[in-house]
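Residue numbers (numbering that gives the first Met the number 0): 0 to 150.
Ideal Cβ positions, reconstructed from N, Cα and C, are used throughout, including at glycine.
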Amino acid sequence: MKKIIFALVCAVLFSAPSFAQNMNSKGDNIIGEYLSIKDGSKSKIRITKAKDGTYTAQVFWVENPLDKNGNKRKDVKNPNKKLRSVDIDKVVLIKGLKYDADDQEWGDTDIYDPTGGKIYSVDIEFKDAKTLKVYGNIWGIGKTVLWTKIK
0 MKKIIFALVC AVLFSAPSFA QNMNSKGDNI IGEYLSIKDG SKSKIRITKA KDGTYTAQVF
60 WVENPLDKNG NKRKDVKNPN KKLRSVDIDK VVLIKGLKYD ADDQEWGDTD IYDPTGGKIY
120 SVDIEFKDAK TLKVYGNIWG IGKTVLWTKI K
């Protein structure tokens, strides 16, 4: 009898990491490159997984990277003055994004909007297999932007 109980305990303990890995792999579905069109401006965003298991979204391309003088545009509206010298095509939009397996969505952090220099709470979910529905809000008032997976 002790051997049977020991075998059951071992089976449960060894299957737990596998279960956790499956939950993480669903969260990893968000990893990739996306096209965003907001107010007529196109940009491409790369979502990666950080070492702590959260996700980061960073711009890597914008349609119009140069200002009227031909210089690389900067993130001049950033509320953090130290980040105003960052090139507009290198802006980090989201850090610390977490996956909620029960709700099948990502959130529990903020998103930065470089077009307005504002920071919003963010919730993200897949609208369909290739489209992310990115909802940012302040005090319950918000906006949804769609990001289309390109890679």
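Runs of beta strand (DSSP E) lying entirely within the region 42-100, each at least 3 residues, in chain order: 54-61 and 91-99
Minimum C-alpha distance to W60 - residue among V75, K37 and I87: I87
Integer Cβ distance of L65 from R72, believed to fall under 8 Å: 6 Å
Spatially closest choice to D127 from W105, L145 and D51, by CA coordinates: L145
CA nearest to the CA of S40, picked from T114, L131 and A49: T114
Rounded separation between D102 and E124 - CA only: 9 Å
Contact with chain D by Y134, beta-carbon distance below 9 Å: Absence of chain D from the displayed structure is noted, only one protein chain being present.
I30, DSSP secondary structure in three states: coil
Separation of I46 from I29, as counted between CA atoms: Their Cα atoms are separated by approximately 7 Å.
For K117, the residue or residues it bridges with in DSSP: Under DSSP, K117 forms a beta bridge with D112.
Cβ neighbours of L34 in the same chain (closer than 6 Å, five flanking residues each side left out): K43, T147 and I149
According to DSSP, residues forming a beta bridge with G135: V121 and K142
Cβ pair I118, D109 closer than 9 Å: yes
A56 to L92 span [Cα, whole Å]: 5 Å
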